[in-house]
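A short worksheet on the structure shown next.
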Amino acid sequence: MYSEKVMDHFQHPRNMGEIENASGVGTVGNAKCGDIMRIFLDIDDNGIIRDVKFKTFGCGAAVATSSMATEMVKGKSIQEALKITNKAVMEALDGLPPVKVHCSLLAEEAIHAALWDYAEKNGIVIEGLKKPKNDIHEGEDEEEDY
């Protein structure tokens, strides 16, 4: 069901924890399953992500995608980090089961939320960055049962 990489990142997560006085912090949830992901970024004066940490409350796939996403943004510029998509995270993990794809969306949105927080704290605009969602299902049409 899960790839070896997913299992490795779940059992041995990289960059777990938090950064005190982080340059940017992004928190995104998924109300449908209860997952919450928080990403902390330490960005230097040249716009390079020096360090990154995460705290995730959720399933194994949520932990694995958090871990992989932090590995992918560490040492990257803000613009490079902005280009990391949920598909790139899934590919780096050798795939996710269809019912767990939303976990990779959390990772992408949490990175964007942390970059948004950094931009707001520094009074800057990051080209191509849109206001992040608090919940990955925000803006979707609500389905009602009748």
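Residue numbers (numbering that gives the first Met the number 0): 0 to 145. Beta carbons: idealized from backbone N, C-alpha and C, even for Gly.
(Q) Here's the rule I'm using: 16 or more other beta-carbon atoms within 10 Å means buried, otherwise exposed. How should GLY16 be labelled? (A) exposed
Q. With 16 other CB atoms within 10 Å as the buried threshold, where does ARG37 fall?
A. buried
Q) Looking only at its own chain, which residues have a Cβ that is under 7 Å from the Cβ of THR84, when we skip the five neighbours before and after it? A) GLU107
Q | Residues that DSSP places opposite THR55 in a beta bridge | A | MET36
Q. If you run the structure through DSSP and keep just helix, strand and coil, what is SER76?
A. strand
Q.
Please tell me whether TYR1 and ALA68 are closer than 9 Å, where the distance is taken between their beta carbons.
A. no
Q) Of the choices ASN14, GLN10, LEU95 and VAL24, whose alpha-carbon is the least far from that of ASN121? A) VAL24
Q: Give the DSSP bridge partners of THR26, in chain order.
A: ARG37
(Q) Is the separation between the beta-carbon of HIS136 and that of ASN14 shorter than 9 Å? (A) no
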